[in-house]
Every structure is written in structure tokens, then in C-alpha cells.
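Just so we're aligned, residue 148 is where the sequence shown starts under our numbering, counting upward by one. Quick reminder that beta carbons are idealized off the backbone N, C-alpha and C, glycines included. Remember, predicted model here, so these are calculated numbers, not experimental data. A quick write-up on the structure given underneath.
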Amino acid sequence: MTLKAIDEKLIKILGTDARQSAEKLAKRLKVSPTTIRRRLKTITRNGTIRTVAVVDPVKAGIGLQAVICFNIAHENADSIVQTLEKLSEIKWIGITTGRYDIIVKAAFTSTAELSDFIQKKLSSVRGIRDTETFICLDVNGGRFIELA
148 MTLKAIDEKL
158 IKILGTDARQ
168 SAEKLAKRLK
178 VSPTTIRRRL
188 KTITRNGTIR
198 TVAVVDPVKA
208 GIGLQAVICF
218 NIAHENADSI
228 VQTLEKLSEI
238 KWIGITTGRY
248 DIIVKAAFTS
258 TAELSDFIQK
268 KLSSVRGIRD
278 TETFICLDVN
288 GGRFIELA
């Protein structure tokens with residue numbers, strides 16, 4: 148197995164549970180614990196991976212998760228992104244190609260909070276032409292929000 152293949156498999160395993168021992172990871176990947184420690188040190192040091200807290204949204208009281216897609220006036224792109232970054236409900240922003248210009252992940256306590264967010268906060272952002280909102284019924288076993 149090449150180092151790239153080991154790193155890719157290691158990262159995938161760590162994505163589900165980052166608190167595994169080097170010995171346990173080594174058994175799963177069929178390499179030595181020393182190799183695992185060395186690869187972890189390298190990919191951490193070079194910024195390939197970083198340690199973050201992943202919130203269980205239901206236990207945190209934010210059980211409604213949504214993906215909101217935006218069509219925008221491109222001359223307002225920078226100010227729109229800056230405004231969206233300040234909204235606590237938005238957890239991730241992606242500038243995209245294709246049908247939508249911006250896609251965000253957002254979290255809410257209820258549909259009423261989501262409705263209020265769309266009607267009051269988003270409607271006041273200059274340059275947003277249109278939005279489409281998708282409510283997530285299930286997200287990767289409930290995991291969704293990363294706090295960096």
C-alpha cells in the first residue's frame with residue numbers, strides 16, 4: 148500500500164472516530180503502529196487534517212438542518228459572502244459553479260426559526276436574487292456541524 152493510499156484510508160477512518168489508538172488503526176490498515184504515528188504526524192503538521200469538535204445537532208438543540216442555495220447578483224458577491232459569514236445559523240459556505248452561485252449549510256431549532264431566517268435575515272441581504280432551501284432529513288448518521 149502506498150503512502151497516499153494509507154493516508155486516504157487513515158483519513159477516512161479518522162473521519163468516523165478520531166479517538167482511535169495507533170495500534171487499532173494499524174490493525175485496520177495492516178501496517179505498523181509506527182507507520183500510523185508517522186503518517187498522523189505528517190498529515191497533521193502539513194495541514195491535511197486538523198482536530199475539530201463535531202457537534203451532534205439534535206443533542207445541541209439544533210435538530211433542523213438545511214442546505215440553502217443562492218442565485219446572486221455577481222457584483223454583490225463579496226458583500227453577500229461577508230454578510231452570510233456573520234449569520235450564526237450558517238455553518239459552512241461554498242462558492243460554486245453550476246446552477247447556484249453560493250451554497251450554505253445552516254442549522255435551526257425549528258421550522259419557525261428557519262422561516263424567520265429566510266423571511267427576515269436573507270430577504271434583507273442586497274444582491275440575493277433567489278434562494279432554494281432543502282431541509283435535511285438525515286445527515287451522515289446525524290453528524291453535520293463542524294466547529295473549527
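Residue i - DSSP class collapsed to helix/strand/coil
i	result
arginine 347	The chain is shown from 148 up to 295; residue 347 falls before or after that span and cannot be answered.
asparagine 218	strand
aspartate 225	helix
threonine 278	strand
lysine 252	strand
phenylalanine 291	Note that phenylalanine 291 has pLDDT 49, beneath the 50 cutoff, so the model's placement of it is unreliable and the number below is only indicative. DSSP places phenylalanine 291 in coil when its eight states are reduced to three.
glycine 241	strand
Through-space distance from residue j to residue i, alpha-carbon basis
i	j	result
lysine 233	valine 272	12 Å
serine 226	isoleucine 275	10 Å
threonine 243	alanine 254	20 Å
alanine 152	leucine 187	13 Å
alanine 165	valine 201	11 Å
lysine 252	glutamine 212	7 Å
proline 180	valine 205	36 Å
glycine 194	aspartate 154	13 Å
arginine 246	phenylalanine 217	9 Å
threonine 198	isoleucine 190	11 Å
leucine 269	leucine 231	9 Å
isoleucine 183	threonine 149	13 Å
asparagine 223	aspartate 203	34 Å
serine 168	alanine 207	27 Å
DSSP bridge partner residues for residue i (one or two, in chain order)
i	result
glutamine 266	Glutamine 266 is not bridged to any residue.
glycine 210	Answer is none; glycine 210 lacks a bridge partner.
Short CB-CB distance (under 8 Å) between residue i and chain C
i	result
valine 201	Among the chains of the structure shown, chain C does not appear; only one protein chain is present.
Expected contact under 8 Å - CB spacing of residue i and residue j to nearest Å
i	j	result
leucine 176	lysine 159	Incorrect: roughly 10 Å between the Cβ atoms, too far for contact.
isoleucine 215	threonine 280	5 Å
isoleucine 209	threonine 258	The Cβ separation is near 13 Å, so there is no contact.
leucine 161	isoleucine 196	7 Å
isoleucine 219	isoleucine 249	6 Å
Classification of residue i by the beta-carbon crowding that lies within 10 angstroms, buried from 16 upward
i	result
glutamate 170	exposed
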